[in-house]
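Everything below concerns the one structure shown next.
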Amino acid sequence: MTDTIVSIRGITKRFGSVEALKNISIDIQQGEIFALLGPSGCGKSTLLRLISGFESPSEGELLLDGNDMTALPPNKRPINMVFQSYAVFPHMNVEDNVAYGLKMEKVPAKEIKERVAIALEQVHLSNFSQRKPDQLSGGQRQRVALARALVKRPRVLLLDEPLSALDAKLRDAMRLELVKLQESVGVTFIIVTHDQAEAMAMADRIAVLESGTLRQVASPAELYAHPADAFVADFIGNINAFDVQQISTIDTGVALHIDELGVIEWFSEPPSTISIPASSEDKVEATLSVRPEHVSISTTIPANDQVSIEGTLGDIAFQGQHSIAEIRLDNGRSISAIIANDQALILPGANKQLRIWAHWSINNMLLLPKKAPPL
Amino acid sequence: MQDISGKKSVFFAFSAPTFIWLTLFFVVPLGIIWLYSFGENVTITKIETTWTLDNYRRILEPEILQLIGRSFWLAFVSTVICLFVGFPMALVIATASFKAKPWLLLLIMLPFWTNLLIRTYALLNILGTRGRLNDVLRWLYERAEQFQAMLGLERLNLLGDGFTPLTLLGTPAGVIYGIVYVSLPFTILPIYSALERMDNSLLEASMDLGAGQLQTARNILIPLAMSGIVTAAIITFIPALGQFLTPDLLGRGQVDMIANVIERQFKKANDWPFGSAISLTLLYATFILLALRSFYDAARSKREGRM
Ligand SMILES: Nc1ncnc2c1ncn2[C@@H]1O[C@H](COP(=O)(O)OP(=O)(O)OP(=O)(O)O)[C@@H](O)[C@H]1O
Ligand SMILES: [Mg+2]
Chain A
80 MTDTIVSIRG ITKRFGSVEA LKNISIDIQQ GEIFALLGPS GCGKSTLLRL
130 ISGFESPSEG ELLLDGNDMT ALPPNKRPIN MVFQSYAVFP HMNVEDNVAY
180 GLKMEKVPAK EIKERVAIAL EQVHLSNFSQ RKPDQLSGGQ RQRVALARAL
230 VKRPRVLLLD EPLSALDAKL RDAMRLELVK LQESVGVTFI IVTHDQAEAM
280 AMADRIAVLE SGTLRQVASP AELYAHPADA FVADFIGNIN AFDVQQISTI
330 DTGVALHIDE LGVIEWFSEP PSTISIPASS EDKVEATLSV RPEHVSISTT
380 IPANDQVSIE GTLGDIAFQG QHSIAEIRLD NGRSISAIIA NDQALILPGA
430 NKQLRIWAHW SINNMLLLPK KAPPL
Chain B
674 MQDISGKKSV FFAFSAPTFI WLTLFFVVPL GIIWLYSFGE NVTITKIETT
724 WTLDNYRRIL EPEILQLIGR SFWLAFVSTV ICLFVGFPMA LVIATASFKA
774 KPWLLLLIML PFWTNLLIRT YALLNILGTR GRLNDVLRWL YERAEQFQAM
824 LGLERLNLLG DGFTPLTLLG TPAGVIYGIV YVSLPFTILP IYSALERMDN
874 SLLEASMDLG AGQLQTARNI LIPLAMSGIV TAAIITFIPA LGQFLTPDLL
924 GRGQVDMIAN VIERQFKKAN DWPFGSAISL TLLYATFILL ALRSFYDAAR
974 SKREGRM
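First to last, the protein sequences are chains A and B. Residue 80 is where the first sequence starts when you use our numbering, and the numbers rise one by one after that. Residue 674 is where the second sequence starts when you use our numbering, and the numbers rise one by one after that.
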């Protein structure tokens, strides 16, 4: 068991009548990269600002190394932040920006010089120390913000959408660089992002938030393989979801009645978050899903051991490494499949109305509640 | 859309009103004043431009120089006070909730909609020896006296022999009070607009890096608002220098500024050439100030390395 560094306990934050966060509890471990992931407006930034001290919670408390820091102002917390806008001071050169926090700490001038030089080296900005911020690119400005925070040797570094202002190419490079930097300095990172790919690529653990509630906290692999509900599954990657109309218990597990797929036998315990209704009249709040990357398409009837559905081939979108094919079901809904480019090339266009089968193995399916109770 | 400025007739049609306006109300009067300033009174009503420099030479007479000096001094002190009072007020407005902001701005602008003369008379009522300000001070004095009696400390006579009302009218302090009062909105608005534009996360970043509120104000807030502060200082100082009504009414004729002297030349003394020369000198001083401002801006952007 590793040490908990930041402990968020029952935090609720209200802005007037808006409840931005509802009873959130998370323990963040020493030395990990922790991502706060969720759609716009779900409260990620608010949570980050609570940890940094710019907002105070309406309810609940924040612990750092087991000590209550709820009442501590931001300048007294050993936590630093990289702002979404970077907030590099425009009237100071790079060196003065990075030295600012140490000057405020009254670190001796000689030590400041040394530490600033090291920090600038870490972010590859040694040659830019005399530049003013408006002579730097967006990526360089972000590194200044990073160096300026890291030079303080914080216990925790908070990053609010650190990569969102960068272009796609730079973003991928910076992802790796941030992870490497974190490994070398060993500081705990808490990263806010609405980009699931970013969270998956960088984080050790991810907290998924949705409109102020915590849906799930888990490692990227765990989130992908065992999402708590359909919302998380759809947010982490994509899913093709089929509504379950009825569940009945059978000897070997449960039978799922799905309009589009027929009756599917599920040979294991359904998740405890799905309640099996006593009567067949009751509504079932569950979906059976499959990710597009597990769906194959063929022009002939697939083998019996596969779950399959017939439809018409729709548009095919070229994505680079692969293509995404749309399968239009006869009831008007569409599902998608990720297919190899080779296969995409020999398929006709949507106007040909080609009849095809989408199929996948039942082992790749996820039986999920539509909405799990918040953590 | 077509480039309308490219068509000569359209260009003239649109610029004619501006051109006529500028000529009629700016160039012509100023030109007349300029000619007068090199002129002499030949009769009571007739002035002849003789290109004499006497009018300008007379400005160098000690009593006029002293008046100019006093004007600069009063305007300077008023500006400094305005900056110290106006900055926090601008800060309050800039950080106010977005509901409160328009109301606060309205409060700042409200005096503009009242006639200056009326406002100045109102100030007379406040600042006089029997004015409201002294009423408040007297009330405070009496309370303090009672308190002293309650503690049985009358013998120490800490409060002096009795309440002496503050004399503000007819003193530089009264005039400064008046100038500060009329100038404050001019000081607040440019500073407010500079603060308003500032990215709030810069201040948060400073706090995040360990600076306290005062350090953040000194290291980040004020330097970044500096161009607004300089604008505010100039926009306060220039009208303050030319104040006429305030020294006239609140100064009781004992704290004259340049404008009062100019007025006297045009009216009582009937010495328009001399009045014109002083007016133009004031105008030149203003131009010099504005030139200094643009030098400051140029130097600043060079320092900040915009090459
Ligand atoms: N100072 C504030 N006053 C009132 N409401 C606020 C304030 N700050 C945030 N909110 C509200 O709280 C909710 C959460 O906001 P927050 O900024 O934390 O979202 P976010 O997850 O960071 O979104 P984004 O991805 O768009 O940045 C939003 O509904 C927002 O309108
Ligand atoms: Mg945000």
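Backbone N, C-alpha and C define an ideal beta-carbon position, used for all residues, glycine too.
Quick one: measure Cβ to Cβ for residue i and residue j, integer angstroms, because I've assumed they're closer than 8 angstroms.
| i | j | result |
| --- | --- | --- |
| residue 225 of chain A | residue 161 of chain A | 6 angstroms |
| residue 466 of chain A | residue 297 of chain A | In this structure chain A extends from 80 to 454, so residue 466 of chain A is not present and cannot be described. |
| residue 353 of chain A | residue 365 of chain A | 5 angstroms |
| residue 321 of chain A | residue 112 of chain A | Not a contact, Cβ separation roughly 35 angstroms. |
| residue 895 of chain B | residue 168 of chain A | Wrong, their Cβ atoms sit about 13 angstroms apart, outside the cutoff. |
| residue 841 of chain B | residue 800 of chain B | 4 angstroms |
| residue 195 of chain A | residue 223 of chain A | Not quite, the Cβ-Cβ distance comes to about 11 angstroms (not below 8 angstroms), so this is no contact. |
| residue 278 of chain A | residue 451 of chain A | Contact doesn't hold; Cβ gap of about 19 angstroms is too wide. |
| residue 958 of chain B | residue 869 of chain B | Their Cβ separation, rounded to whole angstroms, is 31 angstroms, which puts residue 958 of chain B and residue 869 of chain B out of contact at 8 angstroms. |
| residue 201 of chain A | residue 260 of chain A | 7 angstroms |
What residues of chain B sit near residue i, judged by a beta carbon separation below 9 angstroms?
| i | result |
| --- | --- |
| residue 227 of chain A | 878 and 882 |
Nearest to residue i by CA position, among the options, is which residue?
| i | options | result |
| --- | --- | --- |
| residue 954 of chain B | B/731, B/723, B/687 and B/699 | B/731 |
| residue 811 of chain B | B/835, B/830 and B/794 | B/835 |
| residue 838 of chain B | B/709, B/825 and B/808 | B/808 |
| residue 272 of chain A | A/146, A/389, A/124 and A/368 | A/124 |
| residue 846 of chain B | B/749, B/861, B/882 and B/825 | B/749 |
| residue 281 of chain A | A/289, A/270, A/150 and A/301 | A/270 |
| residue 939 of chain B | B/874, B/885 and B/710 | B/710 |
| residue 308 of chain A | A/316, A/319, A/300 and A/295 | A/295 |
| residue 443 of chain A | A/430, A/85 and A/345 | A/345 |
| residue 486 of chain A | A/95, A/286 and A/144 | Residue 486 of chain A lies beyond the range of chain A shown here (80 to 454); nothing can be said about it. |
| residue 249 of chain A | A/217, A/368 and A/401 | A/217 |
| residue 901 of chain B | B/919, B/880, B/871 and B/930 | B/871 |
| residue 747 of chain B | B/848, B/958 and B/805 | B/848 |
| residue 725 of chain B | B/707, B/756, B/930 and B/813 | B/707 |
| residue 198 of chain A | A/179, A/211, A/303 and A/299 | A/179 |
| residue 956 of chain B | B/791, B/974, B/832 and B/932 | B/932 |
| residue 795 of chain B | B/854, B/773, B/975 and B/743 | B/854 |
| residue 262 of chain A | A/110, A/100, A/454 and A/425 | A/110 |
| residue 367 of chain A | A/383, A/349 and A/381 | A/349 |
| residue 404 of chain A | A/370, A/155, A/393 and A/202 | A/393 |
| residue 759 of chain B | B/806, B/898, B/963 and B/972 | B/898 |
| residue 311 of chain A | A/242, A/420 and A/370 | A/370 |
| residue 94 of chain A | B/770, B/828, B/790 and B/813 | B/770 |
Strictly below 7 angstroms CB to CB, what residues from chain A border residue i?
| i | result |
| --- | --- |
| residue 970 of chain B | Ordered by position in chain A, no residue passes the 7 angstroms Cβ test against residue 970 of chain B, which lies about 14 angstroms from the chain. |
| residue 727 of chain B | Under the 7 angstroms cutoff, chain A gives no residues; its nearest Cβ is about 50 angstroms from residue 727 of chain B. |
| residue 893 of chain B | 168 |
| residue 916 of chain B | In chain order: nothing, as chain A lies at least about 34 angstroms away. |
| residue 875 of chain B | 166 and 168 |
Report the neighbours of residue i on chain A: residues whose CB is nearer than 8 angstroms to its CB, in chain order.
| i | result |
| --- | --- |
| residue 838 of chain B | The contacting residues do not exist; residue 838 of chain B stays about 46 angstroms from chain A at best. |
| residue 872 of chain B | 164 and 166 |
| residue 896 of chain B | 170 |
| residue 888 of chain B | 183 |
For a contact defined as C-beta to C-beta under 9 angstroms, what are the partners of residue i on chain A?
| i | result |
| --- | --- |
| residue 885 of chain B | 152, 154 and 183 |
At a CB-CB cut-off below 7 angstroms, which residues of chain B make contact with residue i?
| i | result |
| --- | --- |
| residue 123 of chain A | Within chain B, no residue comes near residue 123 of chain A; the closest Cβ sits about 16 angstroms away, beyond 7 angstroms. |
| residue 131 of chain A | 881 |
| residue 160 of chain A | 881 |
Could you name the residues of chain B that residue i contacts, counting a contact when the two beta carbons are closer than 8 angstroms?
| i | result |
| --- | --- |
| residue 231 of chain A | 882 and 883 |
| residue 179 of chain A | 879, 882, 884 and 892 |
Near ligand 2, which residues have their beta-carbon closer than 7 angstroms to a heavy atom? Qualifying residues come out as A/123, A/124, A/163, A/239, A/240 and A/271.
Does the segment 203-218 of chain A come close enough to the segment 109-128 of chain A that 3 or more CB-CB pairs lie under 8 angstroms? no
With three or more beta-carbon pairs closer than 8 angstroms as the criterion, would you say the segment 187-205 of chain A touches the segment 233-250 of chain A? The count of Cβ pairs closer than 8 angstroms, one atom from the segment 187-205 of chain A and one from the segment 233-250 of chain A, stays below three, leaving the stretches out of contact.
Is it true that the segment 880-893 of chain B meets the segment 918-936 of chain B, where meeting means three or more beta-carbon pairs spaced less than 8 angstroms apart? no
So, does the segment 776-783 of chain B touch the segment 960-972 of chain B, judging by three or more C-beta pairs under 8 angstroms? no
Would you call the segment 849-868 of chain B and the segment 894-914 of chain B touching, i.e. three or more CB-CB distances under 8 angstroms? yes
At least three beta-carbon pairs within less than 8 angstroms, the segment 339-357 of chain A to the segment 380-391 of chain A: yes
Any 3 or more C-beta pairs closer than 8 angstroms across the segment 82-96 of chain A and the segment 142-149 of chain A: yes
Inter-stretch contact at 8 angstroms, needing at least 3 Cβ pairs: the segment 873-884 of chain B / the segment 747-765 of chain B: no
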